[in-house]
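Contents: one structure, followed by commentary.
Numbering (this note's numbering), first residue to last: 25 to 287.
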């Protein structure tokens with residue numbers, strides 16, 4: 025067994041399916057390490073999602089080309105020195121919504137490119153550092169537990185607001201309406217209201233309208249004052265060219281994309 029093979033076995037025995045180049049340099053000098061890593065990548069024993077960060081592929085992972093990203097996203101982001109939260113469809117699914125996420129979606133305070141590794145996709149949605157810092161606080165987050173550790177995810181309330189804000193990345197208005205129907209009852213008004221202070225007014229009103237439509241009145245009521253303070257009317261779906269069919273005076277929302285109601 026080579027020193028690198030022994031190192032990989034030790035990592036797995038500790039429940040770690042990843043390592044950094046700096047970790048591996050403790051057992052191999054730089055000259056021989058590069059060649060050894062390249063050899064194992066060619067053999068399908070390692071994957072390299074980001075520079076200096078490697079995944080150990082066990083037999084059950086090789087068909088997918090990498091382990092589930094939820095199992096290694098936390099150490100990857102720590103390696104890159106970037107904070108994050110799993111959100112949108114990925115977080116909605118974690119909290120019990122039936123919408124299917126085709127990629128692991130993360131909100132980050134940096135410009136990162138989406139990428140695929142094997143059959144897995146990761147999508148990064150950029151939020152300004154100031155807005156991210158205001159909302160990515162421990163009290164608004166949840167833990168996604170895996171067999172290798174934890175990952176940070178948006179809590180129910182933050183998930184709903186994120187989906188209303190980036191609805192075009194969450195499957196569109198109809199998908200977000202479904203998420204509001206399925207998760208709205210789990211949200212706490214006392215948590216929605218303070219979170220909404222740090223979100224765009226249009227997103228807060230969009231969510232309020234969808235919660236009301238779904239019959240989740242206590243949660244919708246927590247967002248009332250943000251609509252009352254609004255000075256302009258916003259389209260429910262600004263990406264649609266459809267003409268508004270009705271107006272929600274409560275939310276100052278012009279409904280230009282019909283969505284289903286009912287909890």
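Idealized CB from N, CA, C, for every residue including glycine.
Residue pairing by DSSP places residue 150 opposite 132 in a beta bridge.
Considering only 275, 163, 196, 270, the residue with the shortest C-alpha distance to residue 230 is 275. In the DSSP assignment, residue 167 forms a beta bridge with 176. In this structure, DSSP gives residue 240 a state outside helix and strand, which the three-state scheme calls coil. Residue 144 is bridged by DSSP to 141.
Sequence-distant partners of residue 144 (beyond 5 residues in either direction) whose C-beta falls short of 6 Å from its own C-beta, in its chain, are 90, 93.
Residue pairing from DSSP places residue 110 in a beta bridge opposite 130, 177.
In the three-state DSSP reduction, residue 200 falls in the helix class (H, G or I). In this structure, residue 123 sits near residue 195, with a CB-CB distance shorter than 8 Å.
Residue 278: not part of any alpha helix (DSSP H); member of the beta strand (DSSP E) spanning 277-279, first to last residue.
By the beta-carbon neighbour count (other beta carbons within 10 angstroms, threshold 16), residue 176 is buried.
Shown here for residue 131: same chain residues with a beta carbon closer than 6 Å to its own, the five before and five after excluded, namely 109, 111, 149, 151 in chain order.
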